[in-house]
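Protein sequence lines correspond, in order, to chains A and B. Residue numbering for the first sequence is 1 to 335, as defined by full-length UniProt numbering. Residue numbering for the second sequence is 1 to 335, as defined by full-length UniProt numbering. To keep things clear, I will list the structure first and then write my remarks on it.
There are 2 protein chains.
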Amino acid sequence: MYKAATIKDIARALDVSPSTVSRALRDSHEVGTETKQKVLEYARQINYHYNPAALSLRSRRSYSIGIMVADVANSFFSQTINGIESIAYERGYNVIITQSHDSYEREVINMEHLANRSVDGLLISMSAQTVDYAHVTRLHEQGLPIVFFDRILSDIDTFKVTTDNFRSAYNATEALIKKGYRNIAHLANAPQLSITTERLNGYKAALADNDIPFNENLLRHCYNGGRDEQEVEQAVNSILSAADKPDALFIASDRISTACIRALNQIKGADELAIIGFSNSDVVDLLSPRISYIRQRAFEMGQIAIEMLIKLIESKYPVYEFETKLLEAEVYWQK
Amino acid sequence: MYKAATIKDIARALDVSPSTVSRALRDSHEVGTETKQKVLEYARQINYHYNPAALSLRSRRSYSIGIMVADVANSFFSQTINGIESIAYERGYNVIITQSHDSYEREVINMEHLANRSVDGLLISMSAQTVDYAHVTRLHEQGLPIVFFDRILSDIDTFKVTTDNFRSAYNATEALIKKGYRNIAHLANAPQLSITTERLNGYKAALADNDIPFNENLLRHCYNGGRDEQEVEQAVNSILSAADKPDALFIASDRISTACIRALNQIKGADELAIIGFSNSDVVDLLSPRISYIRQRAFEMGQIAIEMLIKLIESKYPVYEFETKLLEAEVYWQK
DNA sequence: AAAATTTACGCAATCGTTGCCGAAATGAAT
DNA sequence: ATTCATTTCGGCAACGATTGCGTAAATTTT
């Protein structure tokens with residue numbers, strides 16, 4: 001079996017002490033220029049790499065961070081992950097990705113797992129099912145650095161980054177109104193998610209500002225975040241067969257959008273329905289029926305989140321001033 | 001800052017030696033039943049978890065494995081990852097995911113990174129760009145356990161699992177022939193990939209068995225695996241404007257399929273074209289124009305791959321007998 | 001009852017790295 | 001020439017867990 005070179009190997013070969021080698025490798029001023037050169041040269045030559053386990057044991061740092069998303073298969077999340085990795089690797093951090101699949105149990109288990117694996121910090125987007133935050137609160141109170149992105153938790157005081165969901169929903173709804181639609185239905189996500197409330201409020205505000213009364217019959221929540229296709233199908237059916245049939249539809253998430261489209265394919269006479277939905281899918285423009293979509297700046301959100309987390313982790317003193325950053329989303333109209 | 005409980009803490013509290021605690025936790029027969037109970041009870045009580053860094057340093061094992069895929073955003077890969085994780089976590093392994101984005105440079109960098117981070121083994125699906133395998137060979141020769149899945153490397157002797165690409169391509173092509181199509185074009189992936197050759201050969205074999213001569217003009221390679229949409233668009237255009245215009249199209253990958261569909265949306269009069277493509281996308285049935293698709297057993301492939309890897313890692317003696325497992329794919333016809 | 005064996009535990013070394021303390025050696029200041 | 005500061009380096013100990021070896025005491029065997 002292969003055995004990696006260690007500091008001791010270098011020390012022996014160059015007849016200096018391990019301490020000196022260590023210092024030379026970290027470019028300490030406490031070692032002579034000549035010695036430093038010698039060490040660096042030899043280390044390069046034998047392809048030395050530090051042992052992360054030893055470093056981690058010694059420094060009580062793992063140089064790895066944990067990510068908790070609903071699903072890597074979701075385009076929005078895979079794009080955020082790309083953003084996170086782009087920064088993390090260059091800053092020397094390792095990334096461990098876990099998926100909740102929107103299940104509360106898996107979220108709890110995975111977070112425990114990550115914390116026990118001693119990550120230096122956590123990047124979290126909450127699961128759709130979660131209503132009890134105790135597991136997050138506990139880790140937060142133990143001092144584990146946590147940053148929320150996308151689906152945030154307002155109760156916990158830390159850095160957060162998410163889309164300006166209120167404004168995005170407001171803009172999308174208002175644009176529909178300006179185009180002449182009046183009966184605008186809203187397919188919302190699970191009610192406990194921050195993004196759900198924000199988007200719903202934006203929708204309501206746009207209606208109100210344009211003197212359209214909010215109609216409870218035109219609102220449906222998808223409690224499983226679109227995972228349960230039957231649920232979405234039922235919602236779509238019931239909303240379309242309502243007395244005041246909608247002429248437009250505003251959908252709150254990627255997954256619900258596709259589930260909705262699938263449902264609409266079974267229904268005839270829904271062609272004149274204007275649809276706009278949140279989506280970061282890279283094939284959304286190829287779906288039929290065609291829908292307009294709101295695209296979040298997912299990659300950037302990931303980058304901002306990881307930078308916030310690294311700031312927290314590497315801060316010498318406890319941080320008490322936190323920021324919640326909102327990103328603008330872009331709307332793409334079809335047809 | 002939070003400080004986790006250690007074996008020493010338990011030893012002190014219970015007035016036994018750390019050795020005894022360690023042995024009790026590992027359920028060694030060398031410690032008395034009573035003591036063992038006491039230790040287990042107390043450990044549970046103070047929520048003891050072993051320190052992975054210490055364990056890793058001591059045992060020269062990291063209990064983490066690295067995954068190398070082109071893209072987590074790709075449905076096929078995200079499904080494989082789900083399969084991998086389902087087994088890995090339950091066997092006590094951590095999973096580190098890296099993406100090559102089909103770039104050779106990133107593949108090399110990421111593999112180095114993983115190896116240096118001292119993973120216990122690697123699960124690899126090759127990047128489309130890679131023609132030089134030296135980086136893989138080197139790690140393999142150093143004794144790092146490696147398992148290939150999907151895009152395998154025949155030159156390296158180890159466990160492999162992939163779809164029966166030859167048979168899948170053969171079946172798809174033959175079905176098209178049976179449906180009456182004669183001019184079947186093939187949009188192939190990057191030529192250096194194992195899956196490309198296998199699928200191409202299956203396509204050719206089906207043609208030959210049905211007395212249809214292979215027509216070079218109906219074959220196009222996408223050297224960037226569909227990443228470069230322009231390249232795919234050009235391929236589609238040139239293939240459709242050929243003298244012997246195809247009546248059917250067999251597409252070799254997910255990404256190329258969607259890029260092709262996007263290209264076809266710009267072209268009129270391609271409606272009568274029968275299309276079948278490899279795809280594990282969960283919205284492929286909603287795309288327009290509608291295509292038939294070959295779905296690989298991605299989740300299962302991930303499970304098999306990780307099990308092979310764990311077998312390699314945990315084997316007490318060097319393994320010299322390797323297996324290459326082929327999975328059947330399923331075809332879904334549209335319309 | 002003496003000898004042999006088993007049981008149950010402690011000691012100390014080890015994995016690779018680094019912080020801390022101190023010791024030479026050199027140079028500068030008096 | 002003596003004192004003092006600085007530079008450059010080595011040695012020790014520790015991070016947390018495991019394990020081979022040693023050894024009392026308890027138990028069994030003869």
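Positions of the beta carbon are idealized from the N, C-alpha and C atoms, including for glycine. This one's a predicted model, so the numbers in the text were calculated from it and none came from an experiment.
Exposure label - residue i; buried when at least 16 CB within 10 Å
i	result
F149 (chain A)	buried
T246 (chain A)	With the sequence shown as reference, residue 246 (chain A) is identified as Pro, and Thr is not the correct amino acid for it. Label assigned to P246 (chain A): buried.
T130 (chain B)	buried
L266 (chain A)	The question names Leu, yet the displayed sequence has Gln at residue 266 (chain A). By the neighbour-count rule (16 or more Cβ atoms within 10 Å), Q266 (chain A) is not buried but exposed.
K36 (chain A)	buried
A329 (chain A)	buried
residue 339 (chain B)	Shown here, chain B extends from 1 to 335; a query on residue 339 (chain B) therefore has no answer.
F214 (chain A)	exposed
A134 (chain B)	exposed
A208 (chain A)	exposed
T33 (chain B)	exposed
Y170 (chain A)	buried
K316 (chain B)	exposed
P191 (chain A)	exposed
E41 (chain B)	exposed
residue 339 (chain B)	Any answer about residue 339 (chain B) is impossible in this case: the structure gives chain B only from 1 up to 335.
K38 (chain B)	buried
A188 (chain A)	buried
Y332 (chain A)	exposed
G180 (chain B)	exposed
D244 (chain B)	exposed
S292 (chain B)	buried
DSSP beta-bridge partners of residue i
i	result
H221 (chain A)	A:A188
R295 (chain B)	B:E330
V147 (chain B)	B:L123
F250 (chain A)	A:H186, A:I276
N94 (chain B)	B:S64
T324 (chain B)	B:K160
Q99 (chain A)	A:V69
L264 (chain B)	Answer by DSSP bridge pairing: none, since L264 (chain B) is not bridged.
L40 (chain A)	Looking at the DSSP assignment, L40 (chain A) forms no beta bridge with any residue, so it has no partner.
L287 (chain A)	B:L287
Where the beta strand (DSSP E) containing residue i begins and where it ends
i	result
T163 (chain B)	160–163
G32 (chain B)	No beta strand (DSSP E) holds G32 (chain B); DSSP gives it neither H nor E.
G66 (chain B)	64–69
T130 (chain A)	Counting along the chain, T130 (chain A) falls outside any beta strand (DSSP E), and DSSP gives it neither H nor E.
Residue span of the alpha helix (DSSP H) that contains residue i, given as start and end
i	result
S59 (chain B)	52–59
L273 (chain A)	Neither: L273 (chain A) is in no alpha helix (DSSP H) and is coded neither H nor E.
N110 (chain B)	104–116
N201 (chain B)	194–209
Q230 (chain A)	229–240
L25 (chain A)	18–25
E216 (chain A)	Unbroken run through E216 (chain A): none, as it is neither H nor E.
R12 (chain B)	7–14
S28 (chain A)	Looking at the DSSP string, S28 (chain A) is not in any alpha helix (DSSP H), and its letter there is neither H nor E.
A88 (chain B)	75–88
Integer-rounded CB distance, given that residue j should sit under 8 angstroms from residue i
i	j	result
R117 (chain A)	N116 (chain B)	That pair is no contact at about 18 angstroms.
E323 (chain B)	F159 (chain B)	6 angstroms
I294 (chain A)	S168 (chain A)	5 angstroms
D120 (chain B)	Y63 (chain B)	7 angstroms
N165 (chain B)	I184 (chain B)	About 17 angstroms; that fails the 8 angstroms criterion.
residue 336 (chain A)	I212 (chain A)	Shown here, chain A extends from 1 to 335; a query on residue 336 (chain A) therefore has no answer.
K335 (chain B)	R297 (chain B)	24 angstroms between Cβ atoms; not a contact.
> Is the number of C-beta pairs between the stretch 58–77 of chain A and the stretch 144–151 of chain B that are closer than 8 angstroms three or more?
Replying inline: No: fewer than three Cβ pairs fall under 8 angstroms.
> Between the stretch 13–22 of chain B and the stretch 7–20 of chain A, are three or more C-beta pairs nearer than 8 angstroms?
Replying inline: The stretch 13–22 of chain B vs the stretch 7–20 of chain A: no contact.
> Are three or more beta carbon pairs between the stretch 278–296 of chain A and the stretch 247–259 of chain A nearer than 8 angstroms?
Replying inline: Taking one beta carbon from each stretch, the stretch 278–296 of chain A and the stretch 247–259 of chain A have 3 or more pairs nearer than 8 angstroms; the two touch.
> Can we say the stretch 37–46 of chain A touches the stretch 97–111 of chain A, given the rule of at least three CB pairs closer than 8 angstroms?
Replying inline: The answer is no - the stretch 97–111 of chain A does not touch the stretch 37–46 of chain A, with fewer than three Cβ pairs under 8 angstroms.
>> With three or more beta-carbon pairs closer than 8 angstroms as the criterion, would you say the stretch 122–129 of chain A touches the stretch 60–76 of chain A?
In response: Enough Cβ pairs lie closer than 8 angstroms, so yes.
>> Under 8 angstroms: do the stretch 227–237 of chain A and the stretch 194–208 of chain A share three or more Cβ pairs, one atom per stretch?
In response: Look at the beta carbons and you see the stretch 227–237 of chain A not touching the stretch 194–208 of chain A: under three pairs across the two are nearer than 8 angstroms.
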